[in-house]
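Peer 1: In my numbering, the protein residues as written are 3 to 411.
This is the structure in structure tokens:
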């Protein structure tokens with residue numbers, strides 16, 4: 003059993019108990035939590051009659067974030083066709099709750115392109131204003147640095163300058179989780195340059211101050227952010243960073259895995275967690291709030307078919323990107339042409355939004371040239387360039403496993 007002393011040290015905990023967890027056991031833990039979340043989205047929390055989910059706080063409502071996570075996971079599990087039909091029905095009942103993230107599965111690209119550009123402008127201003135006011139909490143928003151690097155160049159410059167001025171000894175721990183995730187656990191399509199981040203200072207915090215902030219309780223290990231307070235999402239995220247940091251001291255890798263396990267063990271059978279814990283010594287004496295697995299899904303995992311923005315900066319300009327759920331890359335480009343290679347899912351309808359592209363002279367889609375048509379979504383394939391948004395919307399379906407989109411301008 004784990005040592006009773008909450009004030010014990012990292013070395014004492016490992017000396018007193020076998021805290022090692024091998025990679026296979028860790029991956030099984032993550033898979034089991036993923037299964038719980040999926041089962042909740044599919045049945046235990048889902049109300050098929052009105053297309054809503056029971057939220058962690060007990061209210062039944064439609065949530066785009068759940069729809070997106072559910073569709074991405076269903077795609078990986080080979081159950082997309084059935085789930086897409088169910089989610090299409092639910093989305094039609096709650097169309098006023100949809101945004102641009104779900105557009106890669108559901109379409110309505112003309113309207114969602116406008117929503118996307120407006121949302122980006124608002125988010126960029128919000129981030130810049132928060133940092134200028136010295137609010138470190140904005141850095142704890144999941145993947146905020148990677149989002150800014152790809153889609154919000156002005157906000158990115160503000161973030162990098164702010165991170166460079168952080169004090170690893172005194173600033174809040176939550177200020178460092180975003181930079182550490184970007185540095186240690188970048189997403190496949192991340193455009194962030196490691197040299198933009200103070201890597202040595204971040205690693206020192208991870209292996210020093212963070213370890214000193216761990217608390218050993220009767221229910222596992224957690225990161226204490228202030229006296230007796232635990233933010234479970236933050237503990238989970240720090241656990242994942244430790245687990246994947248490839249540290250010289252393997253005990254810290256094992257501790258990362260134990261942190262993740264401790265948080266997951268607090269979840270109910272649909273993956274819903276308390277948001278915060280209150281500790282008294284080694285005991286949990288209070289819980290507060292809730293966090294659904296849909297919030298944690300893109301943090302814990304890097305889902306293959308989750309909406310992602312792929313930077314086109316090298317081909318076009320800073321802030322240009324493709325929003326998609328399929329894997330793609332800008333393989334060839336020059337001043338007059340851009341070629342995108344796509345790993346296609348045969349027989350499935352796909353939607354793309356390409357932002358920051360100049361007006362086109364022509365577009366070739368899977369070997370055929372397609373003219374601009376604002377009514378393109380009425381057909382199996384097509385495109386529409388929205389001039390005042392510098393955004394190209396594309397819908398396509400094809401039986402091949404891969405293909406090309408060639409833009410000429």
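A virtual CB, placed ideally from N, CA and C, is assigned to each residue, including glycine.
Three or more beta-carbon pairs under 8 Å between the segment 83-92 and the segment 54-73, yes or no?
Peer 2: When C-beta atoms of the segment 83-92 are compared with those of the segment 54-73, three or more pairs fall below 8 Å, so the two segments count as touching.
Peer 1: Nearest CA to the CA of residue 236: which residue from 210, 275, 96 and 201?
Peer 2: Counting from one through the chain shown, the residue named residue 236 turns up at place 234. Taking only the C-alpha atoms, the option nearest residue 236 is 275.
Peer 1: Classify residue 39: buried if its beta carbon has 16 or more other beta carbons within 10 angstroms, exposed otherwise.
Peer 2: Within the chain shown, residue 39 is the residue found at index 37, counting from 1. Buried: at least 16 other Cβ atoms inside 10 Å.
Peer 1: Which class does residue 316 belong to by DSSP, given the choice of helix, strand or coil?
Peer 2: Walking along the chain shown from the start, residue 316 turns up at place 314. Looking at residue 316 - three-state DSSP - the assignment turns out to be coil, as it is neither helix nor strand.
Peer 1: Based on the DSSP secondary-structure assignment, which residues constitute the bridge partners of residue 396?
Peer 2: Walking along the chain shown from the start, residue 396 turns up at place 394. Residue 396 pairs with 354 and 385.
Peer 1: Report the partner residues of residue 374 according to the DSSP bridge assignment.
Peer 2: As a position in the chain shown, residue 374 is number 372, starting the count at 1. Bridge pairing for residue 374: 385 [DSSP].
Peer 1: Quick check on DSSP: helix, strand or coil for residue 300?
Peer 2: As a working note, residue 300 is residue 298 in the chain shown. Of the three classes helix, strand and coil, the one that applies to residue 300 here is helix, per DSSP.
Peer 1: Determine the DSSP secondary structure at residue 153, reduced to helix, strand or coil.
Peer 2: For the purposes of this step, residue 153 is taken as the residue at position 151 of the chain shown. Correct three-state label for residue 153: helix.
Peer 1: Is residue 310 buried or exposed, if buried means 16 or more other CB atoms sit within 10 Å of its CB?
Peer 2: For the purposes of this step, residue 310 is taken as the residue at position 308 of the chain shown. Answer is buried; the Cβ neighbour count reaches 16.
Peer 1: Looking at the structure shown, is residue 276 part of a helix, part of a strand, or coil, going by DSSP?
Peer 2: Numbered from its first residue, the chain shown carries residue 276 at position 274. Three-state DSSP puts residue 276 in a strand.
Peer 1: Compare the Cα-Cα distances from residue 264 to each of 243, 272, 301 and 218 and report the closest residue.
Peer 2: In the chain shown, residue 264 corresponds to position 262, counting from 1. Out of 243, 272, 301 and 218, the CA that lies nearest to the CA of residue 264 is found in 218.
Peer 1: Return yes when the Cβ of residue 348 is within less than 8 Å of the Cβ of residue 403, no when it is not.
Peer 2: As a first step, residue 403 must be located in the chain shown, where it is residue number 401. As a first step, residue 348 must be located in the chain shown, where it is residue number 346. Cβ distance < 8 Å, so residue 403 and residue 348 count as in contact.
Peer 1: Can you check which of these residues, 32, 91, 253 and 21, is closest to residue 54 by C-alpha distance?
Peer 2: Numbered from 1 along the chain shown, position 52 holds the residue referred to as residue 54. Nearest C-alpha to residue 54: 91.
Peer 1: May I ask which residues mark the beginning and end of the alpha helix (DSSP H) holding residue 34?
Peer 2: Along the chain shown, one-based indexing puts residue 34 at 32. Its alpha helix (DSSP H) spans residues 25-41.
Peer 1: Could you check what DSSP says for residue 227 in three-state terms: helix, strand or coil?
Peer 2: Position 225 of the chain shown, counted from the first residue, corresponds to residue 227. Taken through DSSP and simplified to helix, strand or coil, residue 227 comes out as strand.
Peer 1: Skipping 5 residues on each side, what residues in its chain have a beta carbon closer than 8 Å to that of residue 176?
Peer 2: By 1-based counting over the chain shown, the position of residue 176 is 174. Sequence-distant partners of residue 176 (beyond 5 residues in either direction) whose C-beta falls short of 8 Å from its own C-beta, in its chain, are 138, 139, 141, 142, 227, 233 and 236.
Peer 1: Between the segment 161-170 and the segment 317-325, do at least 3 Cβ pairs fall closer than 8 Å?
Peer 2: no
Peer 1: I need the DSSP call for residue 346, collapsed to helix, strand or coil.
Peer 2: Locating residue 346 in the chain shown gives position 344, counting from the first residue. Reduced to three states, the DSSP call for residue 346 is coil.
Peer 1: To which residues of the same chain is residue 11 closer than 8 Å at the C-beta, ignoring the five residues directly before and after it?
Peer 2: One-based indexing of the chain shown puts residue 11 at position 9. Taken in chain order, the list of residues that qualify is empty.
Peer 1: Count the other C-beta atoms from every protein chain shown that fall within 10 angstroms of the C-beta of residue 3, then say buried if there are 16 or more, exposed otherwise.
Peer 2: Here residue 3 is taken as the residue at index 1 of the chain shown, counted from 1. Low local confidence applies: a pLDDT of 38 at residue 3 is under 50, so the model's placement there is unreliable, with the coordinate-based value given in what follows. Looking at its Cβ environment, which holds fewer than 16 other Cβ atoms inside 10 Å, residue 3 is exposed.
Peer 1: Report the residue ranges of all alpha helix (DSSP H) runs contained in full by the segment 160-195; include only those spanning at least 4 residues, in chain order.
Peer 2: 176-186
Peer 1: From residue 151 to residue 225, what does the alpha carbon distance come to, in whole angstroms?
Peer 2: The count along the chain shown starts at 1 and reaches residue 151 at position 149. The count along the chain shown starts at 1 and reaches residue 225 at position 223. Going by the C-alpha atoms only, they are around 28 Å apart.
Peer 1: Any chance the segment 18-35 sits against the segment 252-262, with 3 or more Cβ pairs inside 8 Å?
Peer 2: yes
Peer 1: Residue ranges of each beta strand (DSSP E) run of no fewer than 3 residues wholly in the segment 49-90, ordered along the chain?
Peer 2: Considered as a whole, the segment 49-90 harbours 54-56 as its complete beta strand (DSSP E) runs of no fewer than 3 residues, in chain order.
Peer 1: Is the beta carbon of residue 399 sitting closer than 8 Å to the one on residue 383?
Peer 2: The residue given as residue 399 occupies position 397 in the chain shown. The residue given as residue 383 occupies position 381 in the chain shown. Yes, Cβ-Cβ distance for residue 399 and residue 383 is below 8 Å.
Peer 1: Using only CA atoms, which one of 250, 272, 316 and 220 lies nearest to residue 284?
Peer 2: Here residue 284 corresponds to residue number 282 of the chain shown, with the count starting at 1. Considering only alpha carbons, the answer is 220.
Peer 1: Does the beta-carbon distance from residue 209 to residue 249 come in below 8 Å?
Peer 2: As a working note, residue 209 is residue 207 in the chain shown. As a working note, residue 249 is residue 247 in the chain shown. Contact: yes.
Peer 1: Below 8 Å on the Cβ atoms is my guess for residue 188 versus residue 194; work out the distance and round it to an integer in Å.
Peer 2: Position 186 of the chain shown, counted from the first residue, corresponds to residue 188. Position 192 of the chain shown, counted from the first residue, corresponds to residue 194. Rounded, the Cβ-Cβ distance is 6 Å, consistent with contact.
Peer 1: If we count the other Cβ atoms within 10 Å of its Cβ and call it buried at 16 or more, is residue 202 buried or exposed?
Peer 2: Counted from its first residue, the chain shown places residue 202 at position 200. The residue is exposed, with fewer than 16 neighbouring Cβ atoms inside 10 Å.
Peer 1: Let's test the definition: count the other Cβ atoms within 10 Å of the Cβ of residue 386 and tell me whether it reaches 16, buried, or not, exposed.
Peer 2: For this step, residue 386 is matched to residue 384 along the chain shown. Buried, by the Cβ-count rule.
Peer 1: Can you tell which of 174, 134, 172 and 183 has the C-alpha that lies nearest to the C-alpha of residue 161?
Peer 2: For the purposes of this step, residue 161 is taken as the residue at position 159 of the chain shown. Comparing Cα-Cα distances from residue 161 to each of 174, 134, 172 and 183, the minimum goes to 134.
Peer 1: Rounded to whole angstroms, what's the CA-CA distance from residue 146 to residue 231? Just pull it up for me.
Peer 2: Locating residue 146 in the chain shown gives position 144, where the first residue counts as 1. Locating residue 231 in the chain shown gives position 229, where the first residue counts as 1. If I take the Cα positions, the gap works out to 24 Å.
Peer 1: Please tell me whether residue 156 and residue 130 are closer than 8 Å, where the distance is taken between their beta carbons.
Peer 2: For this step, residue 156 is matched to residue 154 along the chain shown. For this step, residue 130 is matched to residue 128 along the chain shown. Yes. Within cutoff.
Peer 1: Could you spell out where the alpha helix (DSSP H) holding residue 237 opens and where it closes?
Peer 2: Reading the chain shown from its first residue, position 235 is the one you call residue 237. 234-246 is the extent of the alpha helix (DSSP H) around residue 237.
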